[in-house]
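Remarks on the structure that follows.
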Amino acid sequence: MKTKHGFSGTDLLAALCMFAAIYTDIVTSQTVRWSIEAPRAGTKAAGSRLITSHQMTTSLKNAIVDAHNSARSSANPPPADMMKITWNDDLARIAIAYAKTCTFGINRAKKLQRFNRIEENIYVSTGITFGNQWATQATGRWNEEGKYYNYQTNKCTATDRCKRYTQMVWGPTFKVGCGISKCSAVKVGRQTWTDATIMVCDYAPGGNWITRRPYVTGPVCSECHATDRCVNNLCTNPARDSATPPVAAWSQWTTWTACSKTCGVGGTRRRSRYCNTFYTRDCLVPGRYSPSSDVDNKCSINIPCTGGSQQAGSWGRWDSNWSTCSATCGGGQKSKTRTCSTGRLSDCTGSNRISFPCNGRPCPGWNDWRPWEGCSQSCGGGTRIRTRACSTGTDTDCQGSASETGNCNTQRCQSSSTSQGTWGAWSAWGSCSATCGSSTRKRTRRCSGTCRTGLATSQEACTKPACPAAARFSQWTQWSACSKTCGTGTSARSRNCIKPQGSTARCQGSATGQKPCQKATCAPKRTWSSWRDWGSCSVTCGSGSQTRTRTCSAGSGPSCPGSSSDRKTCTRSACPTLSNWSRWSSCSVTCGSGQQERTRSCSSGRESDCSGSKRNTRPCTLTACTTSRWGVWGTWSACSRSCGSGRRSRSRTCNLGNSGPTCQGLSVESQTCNRQTCPSFSKWTTWSKCSKTCGPGTRERSRRCSSGRTTDCSGEPTQSESCNDVKCTVSSWTQWTLWTSCTKTCGTGNRQRTRTCTKGNSGPTCAGQGTSRIACNSRVCPTFDPWGQWSQCSAACGTGEQTRTRTCSSGKPQECQGNSEDRKVCRQPTCQTSKWAPWGSWTQCSKSCGGGQYTRKRTCDEGNSGPTCVGVTTDSGKCNTQTCPTFLPWQTWNACSVTCGSGTRSRSRSCSSGISSDCTGPTSATETCSKPSCSLSVWGTWQTWSGCSHTCGSGSKSRTRVCQIGNSGPPCQGSRSDTDVCNVAPCPAFSPWSDWSKCPVTCGVGTISRSRACNTGVNSDCVGNHTENNKCTKPKCAVSAWSPWAPWSDCTQTCGTGTKTRLRVCNRGATGTNCAGSSTDQQNCNSQACPLFSPWTSWSTCSVTCGQGQLSKTRTCSTRREKDCNGPTVMVKSCSVPITCATTGNTTANPNNDKQFGGGTTTTSNCRKSVYSFFLIFLSFIVSSSLSF
C-alpha cells in the first residue's frame, strides 16, 4: 500500500528502521557530539584509558587523502600553486602515538628531522560508530570552516574559527599522516565525553603562518614547478608524491639569463637549480651556504662602452654596516647604500640601495578568545570571564590583557511570594585551572531552603608564574670581514639557539646567514667616456633645460677630472592656465547649516594639465529647523508567560515639530520575558557498575528534575538493564613444553621445560610452578695440554705479532675451558710502513628495527717498504636496536554470524605501530559458533490508531502491529503499519485585508485601520493579527486635541484572562499644550478557562501473548484538539509475558526481496523490535509538539 505522499509500506518500514537505529543509538549510548576547536594545551580526563587504536588500513588512508585533495582542488578563489597531498608514514606514527594519549589539545612535542614545521588538526566525537565514513566526516567538518575565511583580508570572519580549513588548503603542504583512537573518556573544554573517538592529522611542511595567505590565487596550476603536471587542479610530481623520495641532490644549474647591460658596470644575470625531491630543505647542508639561485653582478664589467651608450658615472663602495631592520618580527628589511661618483644618482646605472630580509620569525599575537566562563549571577546582572593565550606560549610577549570580564544575565530577577532560602558560607577557592599563565579558579556554597537569587558557584581570575618560554635565537653576531678585498665577496654571521632548562624544543629558522659584500672594483685607472646624447626637455611647456652625461670608467686611482654632466636651455609652447572662479551655488539645505561651492576649469580642456584646486566650498547658515520627537516610553505590560519565554509590550507618543517628517520608528514595542527554562529532566547519569563480574547481572542509572521535585517532570527518574553476559571461567595449566637442550656439554648442566597458566575470570589462579628443571651432562670436562713454542714475529720491521697454540685432551677445542691460541706483540727495527686513510661514511642500517648493522670502509696508503696496512678495511656496528613492532593481543570475538543454528565468528588484532605491514602474520581469524535451535516469526494484534498528523487540511493517522520475532526463517509477511486519512476539513485562513478606513481627524495626526477575518469565524484560530493600524497626517491643529482611539489590539492570552490595548495620539496645536488624559487604554479579555487534559486511562493489556511487548495509556484534551493542551497524549512502557513463543507462522520467502539495511537476505528482527518502540515514543512526541509526521 502507498501513502498519499507516494511512499510504499516497504519504504516506510525502511525509514522507520533507520529512525529506530538512530533512536536506539541515542537511548543506549549518548547524544552525538563533535568538536574540532582543540586548545593549544589539552588536559587528559581523569581515569581515561585507550580502548583501541584503529588500524590505518589502505582504504582508510585513501579515504582521508582523497577528502583532503577534494577540498584543496575546490578551494575558492581558485589556487595557482596547490600541491597534491599524499600519505606519510612518519607523520602517521607521530599522530597515532598522540591519539593514543586520548588528549584533546595540540601536540606541542611533535617534530620530524626532515620538516622544520609540522601543523596539526584534531577531531573528537562521541555517540557515532567508527568507519571510513567517520574519517571523511571529520575532514568535512574542518573543510566547512572555509565559509568563515575571507581570502582578501586573510582573516576569519567575526569570531568563527577557520584555522583547520586554512591548514587543509595550505598550498606548500604535500604530506599528511593521521592516527585514530577510541578512548573511555576525553576532556573537551570543561566537559568529559565518554566512549569518544579522536582523530589526529599532522601536516608537513606545516602552514598557518600569521602573515601569509594559505595559497597563491590565479589560473589553476599556473604557479606549479616546471616539471609538475596539473591533475584535478593540483600540482603533482612523482618524486615529491612518492612514499620513498629519492636521495636528495641538486639539479644542474640552468643557463645564465641575458645580462641586464651590454657594457660597463652594474649588469646582472641569474641562474637557478632545484632539489630533486622538490622540497628545497632536503638539499640544504647545515652550516654551508647552498642556495637555489645565483646572481652574477659583473657580467658586463669587462666590456667597455662606446658612443652614446657609455656611462656618465660609477658607483662607490657599499656602506660598511647594514641599516636597522625595519621590523622586529614578522619579516622586515635592512639595507645598504652607495653613492655615484658624480654626486647625482641619475648618472649611474642600477640601484643605489640593496636590501636583505631580517627578523623573519612570526610576531607574537593573541590566539582566539576561549569561550566565556559561567555567569556569576542567574539574574539581576552578573559578570563572566574569558581568557586567551599568546602565540609564543608566554602571555607577556603580547600587547594587551590575557583575560576579559563582561556583563551577563542583566534581566530583572522575578519576585516570589514563597519563603526565601539562605546561602551558607563560601568554600575555600579551588585550584587554578592552569599551572602557569592566566587561568580561573572556583568556589561553591550551599543553600538552606529555596534560594531565588544568587548562584551556588563563583569564579575569579588567577595568575600563575609565566609559562616556560619557547626556544628562541640570540642576537646575530657582527658580520664577518668581506671574503675579498676588491670586487664582490661574501660576509657571514651566526646566532645561538637559547632553550629553557630541560627543554627539547628547537628554534625555528637558520642559525647562520650570508650576504654579498662589495669592495672596490678591481680594474685599471679611470678615464672619461664620450658624451651621451642630449636628454629630453625637463618641461612639456614653457622654458626648461636639457642635460647630457658621460661616465668615468671603473678602475683604481683618483676620479676623472671635470664634470660628468652638461646642461643647456630648451623652450616649449605656452603652458595652460586656470579660468576665473564661477559664482557661488545655492545653499545645500533649506534650513540649518549647509555648504556652497564654486568651480573653475583648465584652458586646455584637460584638468590634469593645470595645477591647483578646481573646486572650492564654504559654509552657509539658514533659519533653525524643528522636527518631531518621541515622548518617553510607557511602562511595560505584564509578561504573557511565567516561564519558557513570554512577551510584554509598551508604547510612546510622538510630539510633532513644525517641519520635516513625523517621528521615525514604532509607537509600540515588545520584548521577550521570563526566559528561564520550565522544569525538565537532566541527562541520564552514567550506568552504575554491573552487580556481577561474570554471569548475568544488572546496572542502574538515574536523572533529576531541574526543579528538585520529580513530580514536576514527566517520565521515570530511574532505569535499569541487564549486564555481563560473559560466562564464568576458571584458571588452568597448558601442557608441558618439550625439554630444552643441556646448558653444558660436560661438568653438569641443566635443561628445562615450561607451561602457561590460562587465566579465567573467576576463582583462584593456577596452583604449582610454570617451570621445571633437571641436571644433565655430568661427566668431567677435558683440559688443555701445555702451550707450544712462540711463532716468528709477523713483521720484519716495526711492531708485529707472535702466536702459540695448545691442544685439548679430547681432541675438540670447544670442550676445553679457555682459548686454544695466544697472541703477543713483538717489536722490530723502525721502518716506513703503510698507513690507513680516514674511515669513510657509515652505510645505512641493514634493518629498520630489531638490531641491524651499518658498516664503513677505509683504504691503505702504501708506504715505500714493508707490508701493507695492518687491520681490517671494513668496520661495522649495531644500529636500530629498538624492538620491532608486534601484534597487540587479539580483540574479543565478534557476535556469531547467526542467531540460531551453526555459524561463524571472527576477531582481529592490530600492529603496535598502527601500520599492519610492519608486523608479520594474519590480522584476522575466524571459528565456528553454535546458537539455540531456530524458530519462526508471527504477527501480534494491531495497536490503537495514533493521533492525526494534521488538525486540518487532510492529515494521516497510523497504527502498527509487532512481529513476534523467531530466531530463524523470514520475518512476518505483510506490512507492520497501516495508515488512513483524517481531519480533511480546510485549515483556518484569513480573508484579504479590507481597505484602509478614512482618517478620523481633520487636523493633526490620526489613526487609520484595516481588518481581515478568519474563515472559521474565530480570529484566534488563524495565525497573525486580524487588525492593522497606521498613521494619517492632516494640517496642524489650532488647539491640542486627542485623535480617536485606534482599534483594540489582539488579546495577550487565548484563555485564562489576558489583556488588550488601544492607543490615541495628541495633536498638539499652536499653543503647544499637551492633551489631558492618557494615550493608552487597557482592559481584560479571554477570561474563559484554559483547556486541560483528562486523567490518564488505565494501562492497556500487553501487546503480545508471549515474549516482550508494550503497554500504553492515553488522555484527551478538553477541547478535543490535542494542540490546545501542552503535553503528550500517549505514554508507553515495556511488558514481558513469561511464555516462550511457539514456532509457528508463515514460512513463505519474501517474494519482493524487500531490502532492509544490507539486502533482502539479512535478518530484521532487531530492527522491527526497535521500530515498534521508536514508533510509539516518536508518535507521542509528534502529538505533543503538533508536528507533521
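For the sequence shown, the UniProt record's numbering begins at 1 and goes up steadily by one.
We treat Cβ as the ideally placed atom computed from N, Cα and C, and that holds for glycine.
Cutoff 7 Å; reference residue i; Cβ partners in own chain excluding five residues on either side
| i | result |
| --- | --- |
| Val-188 | Ser-35, Phe-104 and Val-124 |
| Val-295 | Thr-268 and Arg-270 |
| Asp-25 | With a pLDDT of 34 at Asp-25, under the threshold of 50, the modelled position of this residue cannot be trusted; read the value that follows with caution. Only Gly-127 meet the Cβ criterion. |
| Pro-516 | Thr-488 and Thr-490 |
| Lys-857 | Gly-840, Thr-873 and Thr-874 |
Residue i to residue j span [Cα, whole Å]
| i | j | result |
| --- | --- | --- |
| Asn-880 | Cys-849 | 5 Å |
| Thr-571 | Trp-253 | 54 Å |
| Asp-533 | Val-169 | 55 Å |
| residue 1211 | Arg-641 | The requested residue 1211 does not occur in the structure, where the chain is confined to residues 1 to 1189. |
| Arg-600 | Ala-624 | 32 Å |
| Lys-1113 | Ser-714 | 14 Å |
| Thr-342 | Ser-491 | 28 Å |
| Ala-45 | Gln-475 | 42 Å |
| Pro-661 | Trp-1048 | 26 Å |
| Ala-38 | Gln-664 | 48 Å |
| Arg-386 | Thr-450 | 30 Å |
| Cys-1055 | Arg-445 | 42 Å |
| Thr-10 | Pro-971 | Caution is warranted here: a pLDDT of 41 is assigned to Thr-10, below 50, making its placement in the model unreliable, and the coordinate value is therefore given only provisionally. Looking at the two C-alpha atoms, the distance is approximately 13 Å. |
| Thr-540 | Trp-528 | 32 Å |
| Arg-164 | Ser-433 | 26 Å |
| Gln-55 | Asp-918 | 12 Å |
Proximity below 9 Å, CB of residue i to CB of residue j
| i | j | result |
| --- | --- | --- |
| Asn-1084 | Gly-1058 | yes |
| Gly-871 | Trp-836 | yes |
| Ser-293 | Cys-275 | no |
| Ser-300 | Cys-263 | yes |
| Gly-47 | Tyr-98 | no |
| Ile-96 | Lys-182 | no |
| Met-83 | Arg-240 | yes |
| Ala-204 | Arg-108 | no |
| Val-1005 | Asn-1086 | no |
For residue i, the first and last residue of its enclosing alpha helix (DSSP H)
| i | result |
| --- | --- |
| Lys-998 | Note, Lys-998: premise wrong, no alpha helix (DSSP H); not H, not E. |
| Asp-89 | 89-99 |
| Thr-748 | Looking at the DSSP string, Thr-748 is not in any alpha helix (DSSP H), and its letter there is neither H nor E. |
| Arg-384 | Careful: Arg-384 lies outside any alpha helix (DSSP H), inside the beta strand (DSSP E) at 382-387. |
| Val-1065 | Segment: none, Val-1065 is in no alpha helix (DSSP H) and carries neither H nor E. |
| Gln-789 | Premise fails: Gln-789 is in no alpha helix (DSSP H) and is neither H nor E. |
| Ser-73 | 58-73 |
| Trp-134 | 132-144 |
Own chain partners of residue i with C-beta closer than 8 Å, once the 5 adjacent residues on each side are dropped
| i | result |
| --- | --- |
| Cys-325 | Gly-332, Gln-333, Lys-334, Cys-358 and Asn-359 |
| Ser-577 | Before going on, a small fix: residue 577 reads as Thr here, not Ser. Counting only Cβ-Cβ distances below 8 Å, and skipping sequence neighbours, we find Cys-602, Ser-603 and Cys-610. |
| Ser-731 | Cys-757, Thr-758, Lys-759, Gly-760, Gly-763, Pro-764, Thr-765 and Cys-766 |
| Ser-74 | Asn-233 |
Rounded distance between the beta-carbons of residue j and residue i, thought under 8 Å
| i | j | result |
| --- | --- | --- |
| Gly-636 | Arg-648 | Position check: residue 636 holds Trp in this sequence, whereas Gly was assumed. The pair is a contact, with the Cβ atoms about 5 Å apart (cut-off 8 Å). |
| Arg-1012 | Trp-993 | 5 Å |
| Pro-679 | Cys-705 | 6 Å |
| Pro-988 | Cys-1022 | 5 Å |
| Thr-843 | Thr-855 | 5 Å |
| Ser-314 | Val-247 | Not confirmed; about 47 Å, so no contact. |
Host beta strand (DSSP E) of residue i (start-end)
| i | result |
| --- | --- |
| Asn-1030 | 1027-1033 |
| Ala-176 | Sequence inspection shows Val at residue 176; the Ala mentioned does not correspond to that position. Here the beta strand (DSSP E) through Val-176 covers 175-188. |
| Lys-878 | 874-879 |
| Met-1131 | 1130-1137 |
| Leu-50 | 50-53 |
| Asn-1084 | 1080-1085 |
Spatial neighbours of residue i in its chain, beta-carbon cut-off 6 Å, leaving aside the 5 residues before and after
| i | result |
| --- | --- |
| Thr-1116 | Ser-1094 |
| Ser-688 | Arg-699 and Glu-700 |
| Thr-617 | Gln-595 and Glu-597 |
| Lys-1155 | Below a pLDDT of 50, predicted positions are generally treated as unreliable, and Lys-1155, at 30, falls in that range; the measurement from the model is reported next regardless. Result list for Lys-1155: empty, nothing under 6 Å. |
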